[in-house]
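Protein chains in written order, with our numbering: chain E, 1 to 235; chain Z, 1001 to 1235. Beneath this line is the structure, given in structure tokens, with notes to follow.
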DNA sequence: CTGGCTTGTAACAAAATTGTAACCTGAAGG
DNA sequence: CCTTCAGGTTACAATTTTGTTACAAGCCAG
């Protein structure tokens, strides 16, 4: 699962810091903005998965920003969690009406923050629900997370699964090890490129069942490719 | 698909208004009632597809009404979503036990409301008349809340029951711990994800009787799945 | 109020996965 | 024929993930 990006919008630095710490601990990637202006450009630019928006902002208020976001096509799908101070409770209803997905009252525990955030993400998340992919008797079904070769179940690790999923959705094209690390492992990890070789090997082993491992092809000096056509080397 | 009819039961007019606006926007037809009395006659009379029921009502409380509905033959099949104010969270379990299908804490976002409502409708639609579900000798009877394996009664806690019910109505699909918390525990709870593991374990233990625990399968790195087919790992 | 049952968590055990290094193989190019 | 080097294989320890057990707190019937 690729890492989620959260945008923190708050004008108080210590609060931002606290939020960032809590979020990074829970393995989220953070962006920060101190005002509505820069927040907006960050949103358009980086497309965060969720926005943590303080109610009080200098200049344009948080609620104003929220309203604006919900009006724009590109940004209206991004869930928003409002931060409000104690005593501003009336604003909650207003905030939610504007389209915020949840709200949190300061002060709050990091745990609560992360819990709510997860709840919102899991609700708005998913629905990239593609149907099963089948090629030459090899089937990958994202819904059940199952691989079969001619209806025989195939067992492999999570990384191999993601690798195969990527290959199946990007056939007939060569990817360098570096690109594979980006797409399958997720951008900001540091692992040796040769690690890819090992997982390619593991994937091939898993697909051996009916010779289906021949689809995972090596392109010397370039990288790997998933292709139904036979490789030049065995022609 | 014919338009669904939702009955809103709440004594506060502004809340009813807000709900109606949200629901009509999502293309539902609305009925309204301010007290349990008129709610009940509307239900019998108009047969709504779903009831949004406020916890707090003058006279008969919401929960009382819910209990009453679930006892009566005609009305027991209609799904109920409970509305509770923040802080009344403890009541949630009670609400679910009475037979509510979900519950939402005020204040909530219109989007959340509609999302949950859709989820509940979808759930009760597909597996229509709450008849007993049987697979491979394993039977779950919603009416009597009983589980049997080859006619042998099986004992488990309420959470395990709901978990199994969810699995039986959503076979062949992986659910993350997070999603299970959402669907089985109800969205707004905040419990550790590992808690799911423990309940999975309890469910498996209960189903051991005739090896039926093998249907509850672990999908490493993803979550759990209920499937009659064997898992790849034991092939 | 008591005793039994359920529930969420923590803690520990077991198992599977992951990244690396080391070594092996075969092809390309001289 | 030899060298070089990209890629193939294997082994393994660290890390992650899941299984299992124990336990304190909450709830409810009696």
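Even glycine gets a Cβ: it sits at the ideal position worked out from N, Cα and C.
- Residue contact with chain Z for residue 205 of chain E: absent (no Cβ-Cβ distance below 8 Å to any residue of chain Z).
- In the displayed model, residue 1171 of chain Z falls within coil according to three-state DSSP, outside both helix and strand.
- Cβ-Cβ distances below 6 Å link residue 1138 of chain Z to 1149, 1212 in the same chain, with the five nearest sequence neighbours on each side left out; the list follows chain order.
- By the 16-neighbour rule on beta-carbons within 10 angstroms, residue 205 of chain E is exposed.
- Under the Cβ criterion of 8 Å, residue 155 of chain E is counted among the residues facing chain Z.
- Put simply, the segment 34-48 of chain E touches the segment 8-15 of chain E. At least three CB pairs are less than 8 Å apart.
- Taken through DSSP and simplified to helix, strand or coil, residue 189 of chain E comes out as coil.
- An exposed status is given to residue 208 of chain E, since fewer than 16 other beta-carbon atoms sit within 10 Å of its beta-carbon.
- 141, 142, 143, 144, 145, 146, 147, 148: these are the residues of the segment 134-150 of chain E whose beta carbon lies less than 9 Å from some beta carbon of chain Z, given in chain order.
- Nearest CB-CB separation between residue 1221 of chain Z and chain E: below the 8 Å threshold.
- Within a 10 Å sphere around the beta-carbon of residue 48 of chain E sit 16 or more other beta-carbons, which makes this residue buried.
- Look at the beta carbons and you see the segment 1175-1182 of chain Z not touching the segment 140-159 of chain E: under three pairs across the two are nearer than 8 Å.
- Non-local C-beta neighbours of residue 163 of chain E in its own chain, meaning closer than 8 Å and more than five positions away in sequence, comprise 180, 184, 199, 200, 203, ordered along the chain.
- Only residues of its own chain outside the window of five on either side were considered, and among them 1177 have a CB closer than 6 Å to the CB of residue 1193 of chain Z, listed in chain order.
- Straight-line spacing of the CA atoms in residue 26 of chain E and residue 3 of chain E works out to 10 Å.
- One Cα belongs to residue 223 of chain E, the other to residue 1133 of chain Z, and the distance between them is close to 50 Å.
- Secondary structure note for residue 1218 of chain Z: its beta strand (DSSP E) is the uninterrupted segment 1216-1219.
- Just measuring C-alpha positions, the residue of E:103, E:20, E:13 sitting nearest residue 35 of chain E is E:13.
- Of all residues in the segment 112-123 of chain E, only 112, 115, 116, 118, 119, 120, 121, 122, 123 place a beta-carbon less than 9 Å from a beta-carbon of chain Z.
- The residue from Z:1226, Z:1145, Z:1117 with its alpha-carbon nearest to that of residue 1167 of chain Z is Z:1226.
- For residue 172 of chain E, the closest of E:135, E:146, E:160 by C-alpha to C-alpha distance is E:135.
- Under the Cβ distance rule, residue 1039 of chain Z does not count among the residues neighbouring chain E, no pair being separated by less than 8 Å.
- In this structure, DSSP gives residue 141 of chain E an extended state, which the three-state scheme calls strand.
- Where residue 195 of chain E is concerned, there is no enclosing beta strand (DSSP E), although the alpha helix (DSSP H) around it starts and stops at 194-207.
- For residue 1083 of chain Z, the three-state secondary structure derived from DSSP is strand.
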